[in-house]
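According to my numbering, the residues represented by the sequence shown are 22 to 442, in order.
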Amino acid sequence: MPGRGLILAIESSCDETAAAVVERGSRTLSSVVASQIATHARYGGVVPELASREHLRAIVPVVRAALSQASVTLADLDAIAVTSGPGLAGALLVGITYAKALAFANGLPLIAVNHLEGHIHAVLLNERESVPSSSPQSCHPERAKRVEGPAVDFELGDDPEPSLALVVSGGHTHLYLASPTANTWHYQLIGRTLDDAAGEAFDKVAKLLGLGYPGGPWIDALAQHGNPNAVPFAFSQIKTKLHLAGKPPRTKGARTAPIANLDPHFLFSFSGIKTAVLRYVELHNLRPEAEARREALFTGPDAPARATVEDALAACDPQTLDLIASFQHAVVGDLLKKTFAAAEALGARRILVTGGVAANRELRSRFITEAARRRVSVSFPTLALSTDNAAMIAAAAWPRLLAQDFAPANLSADPSLALGR
Ligand code: KG4
Ligand code: ZN
22 MPGRGLILAI ESSCDETAAA VVERGSRTLS SVVASQIATH ARYGGVVPEL ASREHLRAIV
82 PVVRAALSQA SVTLADLDAI AVTSGPGLAG ALLVGITYAK ALAFANGLPL IAVNHLEGHI
142 HAVLLNERES VPSSSPQSCH PERAKRVEGP AVDFELGDDP EPSLALVVSG GHTHLYLASP
202 TANTWHYQLI GRTLDDAAGE AFDKVAKLLG LGYPGGPWID ALAQHGNPNA VPFAFSQIKT
262 KLHLAGKPPR TKGARTAPIA NLDPHFLFSF SGIKTAVLRY VELHNLRPEA EARREALFTG
322 PDAPARATVE DALAACDPQT LDLIASFQHA VVGDLLKKTF AAAEALGARR ILVTGGVAAN
382 RELRSRFITE AARRRVSVSF PTLALSTDNA AMIAAAAWPR LLAQDFAPAN LSADPSLALG
442 R
């Protein structure tokens with residue numbers, strides 16, 4: 022590697038336009054994220070057409086900001102990396118087209134990165150760099166919590182032991198066995214959701230309870246004020262479905278291992294609990310109250326520009342708070358049970374938890390407690406690296422730059438790109 026190993030990465034798979042400059046896959050020089058939350062919030066979810074338009078608006082200033090904050094120019098770079106999937110086709114295309122143009126105009130190689138691989142490398146990036154305490158990433162007390170079982174020093178290629186990675190976000194709930202091999206990584210799909218992603222369940226439940234978008238952070242904050250055992254939600258064990266043999270999964274993530282090839286103990290399903298919450302809301306007549314809450318706090322003409330947790334708390338009765346706490350407790354419990362069962366079955370002594378839902382406080386604390394009890398290690402990214410960002414894409418691109426594994430000139434968006442087999 023003749024240069025400094027500088028990669029400029031671009032991420033535009035969903036509702037965040039992000040660019041970052043990372044040195045040798047282990048030192049973040051800049052990480053800029055332009056969120057579109059304000060655009061999509063009034064619709065209670067991401068509107069694909071609006072996402073593409075917002076990416077078009079943001080991409081040039083975001084990339085410029087990433088270069089300038091890193092104090093580098095295009096001439097200093099060794100490669101451009103870009104998320105090629107999975108995600109929204111139009112949104113991905115904005116990033117890919119811009120990355121291609123930059124690479125071509127500057128004679129730089131282009132590296133295509135799978136978004137899910139990026140999330141896994143967010144944890145690894147965190148561990149490779151020691152973030153100074155004045156860094157914006159360290160502003161939250163929860164950042165980079167890590168519990169050690171046996172001491173593991175996980176530099177690229179140093180550790181032959183595979184890790185079990187739970188990628189849990191608004192679009193994905195996947196378990197992978199991630200193994201470093203020489204300069205590259207190998208991923209084996211171990212489990213996945215059959216329907217909704219966990220983050221999607223948080224967002225949908227928040228919406229039906231009249232809370233803001235994205236729903237995860239609201240549920241996280243309000244759950245602390247309710248009784249997690251008030252409503253006994255249960256997840257039944259998913260059975261092997263012989264009729265699904267050979268068929269692709271019926272979810273957006275698609276094109277991964279056929280479900281029938283996966284151990285049903287490591288399959289997730291979150292659409293049932295969403296319906297159970299809806300039934301509870303209807304049965305206890307909580308719906309009018311939820312609608313009033315949404316109208317007053319998040320959507321109505323007099324809605325505050327920025328509702329606070331205190332505002333939402335004041336608008337929730339104890340029964341709703343108990344429901345929120347019980348929903349979160351059940352979802353986290355299911356993620357915990359299946360992840361640790363998979364780790365035990367596969368003999369993985371190291372667990373990585375990543376993606377937007379990995380920001381959840383109950384999830385972090387219960388995973389940390391369980392890991393300590395079982396004497397295995399668990400690692401999370403900082404909060405800034407848990408949700409979508411481009412630093413994780415640059416980190417995942419680094420092994421590919423070393424391996425000279427570049428994208429073809431006709432690279433295009435692959436909305437259902439799979440990771441591993
Ligand atoms: O990784 P991400 O930014 O985008 C995707 O790739 O989907 O994840 C966004 C998801 C949303 O569903 C959001 O509600 C959820 O992560 N999320 C949370 C929390 N923060 C974000 N879910 C639970 N607790 C949180 N603190
Ligand atoms: Zn993501």
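Cβ coordinates follow ideal geometry from the N, Cα and C atoms, glycine included.
Beta-carbon contacts of residue i that lie in its chain and below 7 Å, excluding the five residues immediately before and after
i: Phe427; result: Pro130, Leu131 and Ile132
i: Val252; result: Tyr301, Asp343, Leu344 and Ser347
i: His305; result: Gln340
i: Thr202; result: none
i: Phe254; result: Ile294, Ala297, Ser347, Phe348 and Ala351
i: Ala79; result: Thr38 and Ala55
i: Val68; result: His61
i: Leu299; result: Leu229
Endpoints, beta strand (DSSP E) assigned at residue i
i: His207; result: Thr205 to Arg213
i: Ala133; result: Leu131 to Asn135
i: His195; result: Thr194 to Thr202
i: Thr49; result: Arg48 to Ser56
i: Glu32; result: Leu27 to Glu32
i: Gly450; result: Because the chain is modelled from 22 through 442, residue 450 falls outside the range shown and cannot be assessed.
i: Leu187; result: Ser184 to Val189
i: Ser398; result: Ser398 to Ser400
i: Val42; result: Glu37 to Glu44
Nearest residue (CA-CA) to residue i, options the options
i: Ser51; options: Gln90, Gly66 and Arg63; result: Gln90
i: Asn250; options: Gly111, Val352, Ala336 and Pro183; result: Val352
i: Ser292; options: Gly247, Asp323, Ser73 and Gly220; result: Gly220
i: Leu288; options: Leu229, Gly237 and Val189; result: Val189
i: Leu95; options: Glu75, Arg74 and Ala120; result: Ala120
i: Arg394; options: Leu357, Ala430, Ala424 and Gln425; result: Leu357
i: Glu75; options: Ala59, Tyr64 and Gly65; result: Ala59
8 Å CB neighbourhood of residue i in its chain, flanking five on each side removed
i: Leu312; result: It should be pointed out that residue 312 corresponds to Glu in this sequence rather than to Leu. Answer for Glu312: Gly231, listed in chain order.
i: Leu283; result: Leu210, Ile211, Gly212 and Arg213
i: Gly26; result: Glu44, Arg45, Gly46, Asp99, Trp419 and Leu422
i: Ser105; result: Leu113, Ile117, Ala133, Val134, Asn135, Ala428, Leu432, Ser433, Ala434, Asp435 and Leu438
i: Leu77; result: Val115
i: Leu367; result: Pro183, Leu185, Leu198 and Ile211
i: Glu310; result: Gly231, Asp338 and Thr341
i: Ile467; result: Any property of residue 467 remains undetermined from this structure, which presents the chain solely from 22 to 442.
Residue i vs residue j beta-carbon contact at 8 Å
i: Asn147; j: Leu440; result: no
i: Val378; j: Phe388; result: no
i: Leu196; j: Leu187; result: yes
i: Glu383; j: His350; result: yes
i: Ala417; j: Glu138; result: yes
i: Leu185; j: Ala363; result: yes
i: Gly233; j: Ala328; result: yes
i: Gly111; j: Cys35; result: no
i: Ala222; j: Trp239; result: no
i: Ala244; j: Val330; result: no
i: Ala87; j: Leu29; result: yes
i: Ala102; j: Ile414; result: yes
i: Ala317; j: Ala324; result: yes
i: Phe256; j: Asp97; result: no
i: Gln57; j: Ala41; result: no
Where the alpha helix (DSSP H) through residue i begins and ends
i: Leu88; result: Pro69 to Gln90
i: Pro339; result: Pro339 to Leu367
i: Val378; result: Element bounds for Val378: n/a, residue is neither H nor E.
i: Gly220; result: Ala219 to Leu229
i: Ser407; result: Leu404 to Ser407
i: Arg327; result: Run containing Arg327: none; DSSP gives neither H nor E here.
i: Gly111; result: Ala110 to Asn127
i: Tyr301; result: Ser292 to Leu304
i: Leu243; result: Gly236 to Ala244
i: Tyr414; result: As written in the sequence, residue 414 is Ile, which differs from the Tyr given in the question. Looking at the DSSP string, the run of the alpha helix (DSSP H) that includes Ile414 is Ala412 to Leu423.
i: Glu312; result: Arg308 to Arg315
Distance between beta carbons of residue j and residue i, contact taken as under 8 Å
i: Ile31; j: Val84; result: 7 Å
i: Ile141; j: Thr360; result: That pair is no contact at about 14 Å.
i: Glu182; j: Arg48; result: The Cβ separation is near 24 Å, so there is no contact.
i: Ile259; j: Leu215; result: 7 Å
i: Ala218; j: Pro402; result: Contact flag wrong, Cβ pair sits at about 18 Å.
i: His193; j: Ser200; result: Between Ser200 and His193 the Cβ distance is about 20 Å, and since that is not below 8 Å, they are no contact.
Same chain, Cβ closer than 6 Å to residue i, five either side skipped, listed in chain order
i: Pro235; result: Asp224
i: Ala39; result: Glu32, Val54, Asn410 and Ala411
i: Ala380; result: Leu404 and Ser407
i: Ala2; result: What is shown of the chain runs 22 to 442, which leaves residue 2 out entirely.
i: Gly24; result: Asp99
i: Thr205; result: Pro420 and Ala424
i: Gly65; result: Lys228 and Tyr234
i: Arg315; result: Gly231
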